[in-house]
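First the structure, in the form of structure tokens, and then the observations on it.
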Amino acid sequence: MVTLTDIERESYKNSPIHRLDPRVKLLFTLAIIVYVVSLPRIHEKNMVRLLAIEAYLLFLVLAAGLDLRYFLLRILAILPFGLGIALIQPFLRPSFMESYTPYPLGLPLGLSMTYEGLAFGSSLLAKFLVCITAIVLLSSTTRLRDMVVAAERIGIPREFTLLLSMMVRYLFVFLAVLKRIRIAQQTRLFNIWNKDVPRKWIIEQIGNSISAIFIRSYEQGERTYISMLCRGYGSGYEKTYYRTKIRTPDVFFLLMGATCIMYAHLFT
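When we follow the working numbering, the leftmost residue of the sequence shown carries the number 35, and every step to the right adds one.
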């Protein structure tokens, strides 16, 4: 199981991809997502283009020295959301399709599939996979706080970056509180799968634990925020800890990414 601490630990590795400016990696990821989403719904070259971009992203994963098992687990954890949407497409009749070719497969309950629906569902799943790969690569090679600062520097409104910054900090607070509660339960031999204990009592304890998590997280979060204010948070001083200049490797990375997108679009 992949946890939040695993994600942050992976982003602290040292590789050429990790050392790139966070703004460059964020812009590269946004460019990949915009290009993939803008591809035609159904086109015979879509799969080849998406396969080329996916291969380039996997090359970057290897160049970053990421744990492939960890990387695949993260993708597999998100993939069911896109897979569920793609699986129902062969049975639908979207309005943008002018004609349909029935697929010769007998299904119960009067269901029928079409070739156009299969093509659209496959393309949708491939797009989802490429976008998720790009996002997981970004989060695996960039620390969360660096992504927040990079988002603000490329022009994202301050309100959004402030909310994202608070979310990043409070996620770790929430995780710390959850770990303390789980340790306390384990020392008292609490097990939700214990068949010798009434299920009603177990459900009550789970409800009490959830309530305690939110209350303790709120209290700890308030203490953390007050401590941050006392140390000058929000004055703009915290930005001085980050490098501001774009270096030659950053420009080269952007050019390589743009070349990959252009090659996939023009020569495939």
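Positions of the beta carbon are idealized from the N, C-alpha and C atoms, including for glycine. Remember, predicted model here, so these are calculated numbers, not experimental data.
(message) For residue 102 and residue 244, what's the separation of their Cα atoms in angstroms?
(response) Locating residue 102 in the sequence shown gives position 68, where the first residue counts as 1. Locating residue 244 in the sequence shown gives position 210, where the first residue counts as 1. If I take the Cα positions, the gap works out to 33 Å.
(request) In angstroms with no decimal places, state the Cα-to-Cα distance between residue 116 and residue 158. (result) Along the sequence shown, read from residue 1 onward, the residue named residue 116 stands at position 82. Along the sequence shown, read from residue 1 onward, the residue named residue 158 stands at position 124. Approximately 8 Å between the Cα atoms of the pair.
(request) Identify the continuous alpha helix (DSSP H) that holds residue 284 and give its terminal residues. (result) Here residue 284 is taken as the residue at index 250 of the sequence shown, counted from 1. Counted as a single uninterrupted DSSP element, the alpha helix (DSSP H) harbouring residue 284 occupies residues 282-300.
(message) For residue 297 and residue 194, I'd like the C-alpha separation in whole angstroms.
(response) In the sequence shown, counting from the first residue as 1, residue 297 sits at position 263. In the sequence shown, counting from the first residue as 1, residue 194 sits at position 160. Roughly 34 Å separates the two Cα atoms.
(request) Could you have a look at residue 195 and say whether DSSP puts it in helix, strand or coil? (result) Against the sequence shown, residue 195 aligns to sequence position 161. Residue 195 falls in the helix class under three-state DSSP.
(message) Quick check on the DSSP output: the alpha helix (DSSP H) that includes residue 235 runs from which residue to which?
(response) On the sequence shown, residue 235 is found 201 positions in, with the first residue counted as 1. Residues 233-264.
(request) Just the C-alpha distance for residue 106 and residue 79, rounded to the nearest angstrom, thanks. (result) Taking the first residue of the sequence shown as position 1, residue 106 is located at position 72. Taking the first residue of the sequence shown as position 1, residue 79 is located at position 45. Distance from the CA of residue 106 to the CA of residue 79, rounded to the nearest whole angstrom, comes to 26 Å.
(message) Taking the straight line between their C-alpha atoms, what separation do you get for residue 164 and residue 95?
(response) Position 130 of the sequence shown, counted from the start, is the residue given in the question as residue 164. Position 61 of the sequence shown, counted from the start, is the residue given in the question as residue 95. Straight through space, the alpha carbons of residue 95 and residue 164 are spaced by roughly 13 Å.
(request) Please name the residue, chosen from 150, 222, 65, 57, that lies closest to residue 188 on a Cα-to-Cα basis. (result) On the sequence shown, position 154 is the one that residue 188 refers to. Residue 188 has its Cα closest to that of 57, out of 150, 222, 65, 57.
(request) Would you kindly work out how many angstroms separate the C-alpha atoms of residue 275 and residue 295, rounded to a whole number? (result) As a first step, residue 275 is located in the sequence shown; it is residue number 241 there, counting from the start. As a first step, residue 295 is located in the sequence shown; it is residue number 261 there, counting from the start. Caution is warranted here: a pLDDT of 49 is assigned to residue 275, below 50, making its placement in the model unreliable, and no coordinate value can be reported.
(message) Taking the straight line between their C-alpha atoms, what separation do you get for residue 153 and residue 124?
(response) Working through the sequence shown from its first residue, we reach residue 153 at position 119. Working through the sequence shown from its first residue, we reach residue 124 at position 90. Cα to Cα, the separation comes out at about 8 Å.
(request) Decide if the region 207-218 is in contact with the region 82-100; the criterion is three or more beta carbon pairs, one per stretch, under 8 Å apart. (result) Too few Cβ pairs lie closer than 8 Å, so no.
(request) Would you check if the distance between the CB atom of residue 109 and the CB atom of residue 167 is smaller than 8 Å? (result) Taking the first residue of the sequence shown as 1, we reach residue 109 at position 75. Taking the first residue of the sequence shown as 1, we reach residue 167 at position 133. With respect to residue 167, residue 109 sits close: the two C-beta atoms are nearer than 8 Å.
(message) Considering just the uninterrupted stretch of the alpha helix (DSSP H) at residue 104, what are its terminal residues?
(response) On the sequence shown, residue 104 is found 70 positions in, with the first residue counted as 1. That run of the alpha helix (DSSP H) goes 102-121.
(message) Once DSSP output is grouped into helix, strand and coil, what is the label at residue 46?
(response) Counted from its first residue, the sequence shown places residue 46 at position 12. Coil.
(request) Starting from residue 66, follow the alpha helix (DSSP H) in both directions and report where the run begins and ends. (result) The residue you call residue 66 lines up with position 32 of the sequence shown. Element bounds for residue 66: 56-72.
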